[in-house]
Amino acid sequence: MTEVVPADRSLRRVIGDAEAVADGEVDGLGPDELLALYRDLVLLRTYDERSVVYHRQGRIGTYAIFWNHEAMQAGSAFALEERDWIFPAYRESAIGLVRGMPVSTVLSWWRGHPAGWWDPREFNVASICVPIATQIPHAVGFAWGSALKGEDRVALTLFGDGATSEGAFHEGATFAGVMKAPVVLFCNNNQWAISTPLSAQTAAPTLADKAVGYGIPGVRVDGADVLAVYEATREAVERARAGEGPTFIEAVTYRAAPHATADDPSLYVDLERVEDARETECVGRFERYLRRAGVLTDELVEEIRAEMLERMRAGIADAEAEPPADPALVFEHAYADPPPSLADDLAELRRILGS
Amino acid sequence: MTERFLVEAVNDALHVEMERDPTVLVMGEDVGRLGGVFRATAGLQERFGRERCVDTPLAEAGIVGTAVGLCMAGWRPVCEMQYDAFSYPGLDQLINHVGRYRWRTGGKMEFPLTIRMPYGGGVRAPELHDDSPEAYYVHTPGVKVAIPSTPADAKGLLAAAIRDPDPVVVLEPKLHYRTSKQEVPDGEHVVPLGEARIAREGSDVTLVAYGAMVPLCERAAEAVDGEASCEVLDIRSLKPLDEDALLASVAKTGRAVVVQEAPRVSGFAAELAAILAEKAIFDLRAPVLRVTGYDVPYPYWQIEDAYMPSVERVADAVRRVLAA
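Residue numbers (my numbering), protein chains in the order written: chain A, 78 to 432; chain B, 1440 to 1763.
What follows is the structure, encoded as structure tokens:
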């Protein structure tokens, strides 16, 4: 059995700064893969920025912003095979897009319309989990259950720094370790849980330090470096596939946007740190890296951005074109075999609505 | 047919259902090597292996939460909560996910998990081994609840729960695990959810109960024999509820006493009484009375008999509805 040692405190990086730190490379990522990854980043960035606008325009409800989390989401998902599953929290509401989920589905979810329902098996993306950390045991159970069936499927679950204080994280990580589940526990440490800083969240020196207590290796990466995120996740996925069990990844960044559209971070964040984070944000960093590598041109950048904007325009149009949901949907789908009383309730509702 | 104690009937159901369906997986604290603290899962690990009868970490939210993921991977988990009051850490997963996940997928995925646990008082146990938590579970949309009172129903309702496409919580009256014994059908035996049972026929008063309160009501009916003819209706399935059987019995007797051992306020007896108020008021010749535990924490066992509904309290309620 491999000995699990405390995590290396330094943050893994691949992307350099064009000055003191040289750019690295990731084995197996040629120009095509790099561009595919870049497209995922721009897709998520465009989705996020447009969603804030749609919220301001009253076209979607309260929205949880993930600006500068795109590298953690796209980079980790890029390390998976299609058959592997993703278990997102609300911060990763749009991660299904990198699996081909229609933009209108995710926007419908934020519009509170049942067209925002999806079949997790269609994209191998579980439903968005709102209660913090509660998706972690689902991912662990899925990974454990898949391995028991002899299926080669890895589960990736994403959660924030605050989630590591929850019992669901503790119990999920405990099960993951004991069951040797092929799961990747991916923590977006953006240093804030709404207004609560990491220092008020835990006395642990790093979140990766927590992993050793579960007998799980913990690694730390720069969360705004998409290549470091990808590489660390790929190694974790390889461990999982090899039957070596779970890995905890702490991706460190700084939240450079409000928690959600209903939040005013100027009341609590360090504005200088926000400025720094905005300067080193993940999409721009990767873009500059690709330009230095000669993979990306101005024309291509414009083309990809325009394509993603068009996808968003079409997506919001589709979501808004959804006919009003039938009130009967209130009753459908709660049970496969519903109690008879629900039929009486539906009849009453139809009578009152005259429908 | 084989004569079995109630807990043996539970064990038999697990053996039969695991044999019948290779995706049924039993998990919980001490369920494997030990066979469960009440021996409900005895022999399963030897028969079906450690992968299908899983000793889990001591983590109820982890048990229920990973069971959700196991469903997504194609399993039908049967989770044991070691005791009623120890199940509460799992309520987070139950309320937020077990009862909602099917709905959240627009009905595309099913979550056929079963949670079973011993419940109830009167067993001279330390604090927090005595609760009747059915109201929390019945109040959770998307979740069904069954509570057997006999060995045959303990087997049949558990089998129905395991086969049901929806999540089902089964509460087993631990007081009667090894005091109640009867002939139980061998092999496959299913008691459909949503069907009440007339445990005793009568014409003057309907005693409505489930679980450990059913045999208590039967004894109370004996105690008032000569004064009143009591019908005892065993609800068996709290959700789905057999309203027809409830209304039919009360239409016949015109009087109802609802008995539960859980605290009174917002308990399931209140739901049953409300249904009678809404749908049977013109059949009633007396107000519906409740006999319940009190609205206090379950007491230490030297005084627990004062808390538990008793034959005397049920008989008193019968006399009051007759005199009304």
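Where a beta carbon is used, it is the ideal one built from N, C-alpha and C, also for glycine.
All values derive from a computational prediction rather than experimental measurement.
Item checked: Of the residues Val1696/B, Cys1510/B, Arg1675/B, the one placed nearest Val1757/B, counting alpha carbons only -> Taking the first residue of the second sequence as position 1, residue 1757/B is located at position 318. Here the closest residue by C-alpha is Val1696/B.
Checklist line | Start-end ranges of the beta strand (DSSP E) lying completely within the stretch 1595-1668 of chain B, minimum 3 residues | finding: DSSP runs (the beta strand (DSSP E)) wholly in the stretch 1595-1668 of chain B: 1607-1612, 1620-1623, 1636-1639, 1644-1648.
Item checked: Rounded straight-line distance, which links the Cα of Glu1700/B to that of Met1747/B -> Here residue 1747/B refers to the residue found at position 308 of the second sequence. Here residue 1700/B refers to the residue found at position 261 of the second sequence. Taking the straight line from one Cα to the other gives about 6 angstroms.
Next item on the list: Note the first and the last residue of the continuous alpha helix (DSSP H) segment covering Met149/A.
Entry: To locate residue 149/A, count along the first sequence from 1; it is residue 72. Element bounds for Met149/A: 147-154.
Check: Checking contacts by CB at 8 angstroms: is His215/A closer than that to chain B?
Finding: Position 138 of the first sequence holds residue 215/A. Yes - at least one Cβ of chain B is within 8 angstroms of the one on His215/A.
Next item on the list: Rounded to whole angstroms, what's the CA-CA distance from Cys1492/B to Thr1505/B? Just pull it up for me.
Entry: By one-based count along the second sequence, residue 1492/B stands at place 53. By one-based count along the second sequence, residue 1505/B stands at place 66. Inter-residue distance for Cys1492/B and Thr1505/B is about 14 angstroms (C-alpha atoms, whole angstroms).
Check: Name the residues in the stretch 245-265 of chain A whose C-beta lies less than 7 angstroms from a C-beta of chain B; which are they?
Finding: Correct list: Ala245, Glu248, Gly249, Thr251, Phe252, Val255.
Item checked: Whether Ala333/A touches Val314/A by CB criterion (8 angstroms) -> Counting from one through the first sequence, the residue named residue 333/A turns up at place 256. Counting from one through the first sequence, the residue named residue 314/A turns up at place 237. For Ala333/A and Val314/A, no; Cβs fall outside 8 angstroms.
Note to self: Strictly below 7 angstroms CB to CB, what residues from chain A border Lys1678/B?
What the structure shows: Counted from its first residue, the second sequence places residue 1678/B at position 239. Per Cβ cutoff of 7 angstroms: Pro416.
Margin query: Taking a contact to mean a Cβ-Cβ separation below 8 angstroms, would you say Arg230/A touches Trp144/A in this structure?
Written below: Residue numbering aside, residue 230/A sits at position 153 when the first sequence is read from its first letter. Residue numbering aside, residue 144/A sits at position 67 when the first sequence is read from its first letter. No; because the gap between Cβ atoms is not below 8 angstroms, this pair is not in contact.
Next item on the list: Note down, in chain order, every chain B residue with its Cβ under 8 angstroms from the Cβ of Pro323/A.
Entry: Locating residue 323/A in the first sequence gives position 246, where the first residue counts as 1. Going along chain B, no residue has its Cβ under 8 angstroms from Pro323/A, so there is no contact; the nearest lies around 13 angstroms.
Next item on the list: Starting from Tyr131/A, follow the beta strand (DSSP E) in both directions and report where the run begins and ends.
Entry: Taking the first residue of the first sequence as 1, we reach residue 131/A at position 54. Tyr131/A: not part of any beta strand (DSSP E); member of the alpha helix (DSSP H) spanning 108-133, first to last residue.
Check: For Phe236/A, which of helix, strand or coil comes out of DSSP?
Finding: As a first step, residue 236/A is located in the first sequence; it is residue number 159 there, counting from the start. The DSSP-derived three-state label of Phe236/A is strand.
Notebook entry, point to check: DSSP state of Asn265/A, grouped into three classes?
Noted result: By one-based count along the first sequence, residue 265/A stands at place 188. Note: Asn265/A maps to strand in three-state DSSP.
Note to self: Buried or exposed for Asp403/A, going by 16 or more other Cβ atoms inside 10 Å?
What the structure shows: On the first sequence, position 326 is the one that residue 403/A refers to. Exposed.
Next item on the list: Identify whether Gln1484/B lies in helix, strand or coil by the three-state DSSP scheme.
Entry: Position 45 of the second sequence, counted from the first residue, corresponds to residue 1484/B. In the structure shown, Gln1484/B adopts helical secondary structure according to DSSP, grouped into three states.
Check: Can you name the start and end residues of the beta strand (DSSP E) that Ser1676/B belongs to?
Finding: Residue mapping note: residue 1676/B aligns to position 237 of the second sequence, counting from 1. Ser1676/B: member of the beta strand (DSSP E) spanning 1676-1678, first to last residue.
Next item on the list: Please compile the residues from chain A whose C-beta is within a distance smaller than 9 angstroms of the C-beta of Lys1547/B.
Entry: Residue numbering aside, residue 1547/B sits at position 108 when the second sequence is read from its first letter. Neighbours of Lys1547/B across chain A, judged by C-beta separation under 9 angstroms: Trp194, Trp195, Asp196, Pro197, Arg198, Glu199, His410.
Notebook entry, point to check: Does the pairing of the stretch 1592-1610 of chain B with the stretch 1540-1553 of chain B give three or more beta-carbon distances under 8 angstroms?
Noted result: Touching, yes.
Checklist line | 8 angstroms Cβ cutoff, Ser170/A in contact with chain B | finding: The residue you call residue 170/A lines up with position 93 of the first sequence. Cβ-Cβ to chain B under 8 angstroms: no for Ser170/A.
Item checked: Proximal residues of chain B, C-beta to C-beta of Thr211/A below 8 angstroms -> Your numbering for residue 211/A matches position 134 in the first sequence. Near Thr211/A (Cβ distances below 8 angstroms), the residues of chain B are Gly1504, Asp1531, Gln1532, Asn1535, His1536.
Check: Beta carbon of Ala396/A, beta carbon of Arg188/A: below 8 angstroms?
Finding: Along the first sequence, one-based indexing puts residue 396/A at 319. Along the first sequence, one-based indexing puts residue 188/A at 111. Yes, the Cβ-Cβ distance between Ala396/A and Arg188/A is below 8 angstroms.
Margin query: Beta-carbon within less than 6 angstroms of Leu120/A's beta-carbon, same chain only, minus the 5 sequence neighbours each way: which residues are those?
Written below: Residue numbering aside, residue 120/A sits at position 43 when the first sequence is read from its first letter. Same-chain partners within the cutoff: Leu174, Met385.
Margin query: I need the straight-line Cα distance from Ala309/A to Val298/A, nearest angstrom please.
Written below: Indexing the first sequence from 1 puts residue 309/A at position 232. Indexing the first sequence from 1 puts residue 298/A at position 221. Approximately 7 angstroms between the Cα atoms of the pair.
Checklist line | Every unbroken beta strand (DSSP E) inside the stretch 275-361 of chain A [3 residues or more] | finding: Here the runs fully enclosed are 295-299, 324-329.
Check: Per DSSP, what kind of secondary structure is Val1493/B in: helix, strand or coil?
Finding: Position 54 of the second sequence, counted from the start, is the residue given in the question as residue 1493/B. Under the three-state reduction of DSSP, Val1493/B is assigned to strand.
Margin query: So, under 8 angstroms CB-CB, Gly1650/B and Thr251/A are touching, yes? Tell me the CB distance rounded to an integer number of Å.
Written below: On the second sequence, position 211 is the one that residue 1650/B refers to. On the first sequence, position 174 is the one that residue 251/A refers to. Rounded to the nearest angstrom, the Cβ distance from Gly1650/B to Thr251/A is 33 angstroms, too far for a contact under 8 angstroms.
Next item on the list: Quick one: which residues of the stretch 1482-1496 of chain B get their C-beta closer than 8 angstroms to a C-beta of chain A? List them in chain order.
Entry: Here the close residues are Glu1490, Thr1495, Pro1496.
Note to self: Out of Ser128/A, Gly107/A, His146/A, which one is the CA nearest neighbour of Gly138/A?
What the structure shows: By 1-based counting over the first sequence, the position of residue 138/A is 61. If we check each option's Cα against that of Gly138/A, Ser128/A comes out closest.
Next item on the list: Look at the Cβ atom of Ala216/A, then the Cβ atom of Thr234/A, and state whether they are nearer than 8 angstroms.
Entry: Residue mapping note: residue 216/A aligns to position 139 of the first sequence, counting from 1. Residue mapping note: residue 234/A aligns to position 157 of the first sequence, counting from 1. Remark: C-beta atoms of Ala216/A and Thr234/A approach each other more closely than 8 angstroms.
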